[in-house]
Structures are given as structure tokens and as C-alpha cells.
Amino acid sequence: MDVIVPRCFEAEQTPVRHIESGCPYRKDDVMAPEKGVSTGTTIMAVEFDGGVVLGADSRTSTGDYVANRASRKVSKVHDRIFVCRCGSAADTQALTGFVLNYLGQHAVEIGKLPTVNTAANLFKIMAYNNKDNLMAGLIVAGWDEKEGGQVYSIPLGGARIRVPWACDGSGSGYIKGFIDANYRPGMTQAECLEFVQKAISFAMSRDGSSGGVIRTVVVTKDKVDESMIVGNKLPYGP
């Protein structure tokens with residue numbers, strides 16, 4: 019009795035894909051696994067009395083290729099609330115767009131500025147409900163009249179943790195020791211800004227997926243200050 023072998027399997031039971039006429043792939047490589055996408059970056063935020071400092075590098079990479087050397091990884095969510103993004107750029111940009119929309123509606127409903135906790139909660143809910151489909155590490159930070167400056171870490175999986183400082187991305191593993199050794203409670207705004215710039219600079223010098231420029235945002239009750247340090251003027255580097 020003849021055995022009918024399904025079309026999608028060869029004798030050695032190796033799955034193959036049907037090759038259409040004119041397909042640009044060869045039969046011997048159509049099932050080869052695709053190369054993983056590099057999602058490296060370095061993001062950081064620190065709380066001080068009266069506000070927060072957020073910072074990030076600017077390199078977006080795809081494998082070994084630098085897709086964008088001057089991207090913005092610190093995004094504005096509301097007047098005094100920002101988010102640092104790492105992981106998949108597409109995922110984090112989509113999440114930020116949704117939260118920006120919902121938070122704007124919420125601010126109109128209550129008639130005043132939303133709280134940082136509300137923004138972090140929205141990010142957490144969306145990240146947790148889609149944890150199997152997203153690659154998104156976030157740091158939500160800002161100022162509100164209820165609790166002043168706040169930093170919330172939202173790692174992969176959708177947890178929400180309030181912390182005095184947060185650091186994430188592929189470069190964060192290189193500088194955790196530096197942060198532990200140099201962070202102290204009660205630092206001034208100027209000290210926090212210098213601390214963030216130096217930490218991200220150290221990460222950029224060691225992590226191949228972090229680079230470009232350092233973008234920082236200082237959020238206080240009265241204003242939002244943005245600054246940038248170009249690659250050849252970093253506090254530390256090769």
C-alpha cells in the first residue's frame with residue numbers, strides 16, 4: 019500500500035514552504051530563520067526634590083545596521099509627563115500614541131493636568147494586556163501637583179514600580195554598578211542632570227547598540243528643559 023506524503027513535508031519530515039513562480043527566495047533558504055532584530059538602547063530617569071531628569075541615547079539599530087542615529091526615545095505624553103522607550107521602536111511608539119490620546123481625553127474630563135501615576139497606569143494596562151505581543155520597556159516620569167516628581171519603571175511584561183531612579187535597555191547592564199555607587203538620595207537638579215548624562219555616556223562607550231547623542235529632559239513645576247550633548251562632546255567616551 020502506498021503512503022501519501024503531505025505536500026508540506028519531505029521524506030525527512032523537514033517543513034518546506036510552497037515556492038510560487040517568480041518567488042525571490044531559493045528553495046534551500048526559504049525556511050531559514052530570520053536574523054533577530056537588535057533592540058538595544060540606554061534610557062534612564064532620576065527623581066529629585068521638585069522634578070525629574072530623563073535621558074536617553076539616540077541610536078536605533080536593526081541587526082548590525084544603525085537605522086537611525088538621531089532618534090528621539092524620550093516622548094512627551096502630556097505637559098509635565100514624559101516616557102523613555104526601549105525595546106521595539108514600533109511597539110513603544112504605538113503604545114505612546116494610545117496613551118497620549120487617552121490621557122488627553124482624561125485631562126479634558128477632569129479639567130486639569132493628569133497625574134504621572136495615571137499615565138503610568140495606562141502604559142501598564144496596555145503593556146500587560148498585550149505582554150505576549152509586545153517588546154516594550156518603558157520609564158514614565160514627570161511632575162504633578164499631588165506628589166511632585168515621580169519615576170515609574172514599566173519593564174517587559176507590564177509591571178508598574180515607582181522607584182527613585184530607573185535605567186533600562188541593553189546599555190543598562192553596563193552601568194548598574196556605576197549607578198549603585200554614585201546615586202544618593204537628595205541630589206539637586208544639577209547633580210541629577212550630570213549623573214544621568216555621565217551614566218548614559220558610559221553605557222554608550224561600552225554598548226554597541228547605544229550611541230549617537232544624549233538627549234535629556236528636565237521636568238519641574240514651572241517648566242520643561244530639553245538639552246542635547248553631541249557625540250564628540252560626551253562627558254566620557256572613546
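Residue numbering for the sequence shown follows my numbering, starting at 19 and increasing by one per position.
We put the CB at the ideal spot given by N, CA and C, even for glycine.
Fair warning: this is a prediction, and the values are worked out from it, not measured in the lab.
The C-beta distance from G189 to A221 rounds to 3 Å, short enough to fall under 8 Å. Counting along the chain, the unbroken beta strand (DSSP E) around V92 starts and ends at 92 to 96.
Taking 8 Å as the cut-off, the Cβ atoms of G155 and D186 count as close. In the pairwise beta carbon analysis, the region 138 to 151 is classified as touching the region 166 to 175: at least three pairs are separated by under 8 Å. The Cβ atoms of D97 and G229 do not sit closer than 8 Å to each other. Taken atom to atom, the span from the alpha-carbon of K194 to that of L131 is near 33 Å. Non-local beta-carbon contacts of Q215 in its own chain, meaning distances under 7 Å to residues more than five positions away in sequence, involve G73, I232, T234, I247, P253 in chain order. In this structure, R77 keeps its C-beta atom at 8 Å or more from the C-beta atom of S93.
Counting only the Cα atoms, E127 lies some 43 Å from F196. Distance between L121 and G160, taken at the CA atoms: about 14 Å.
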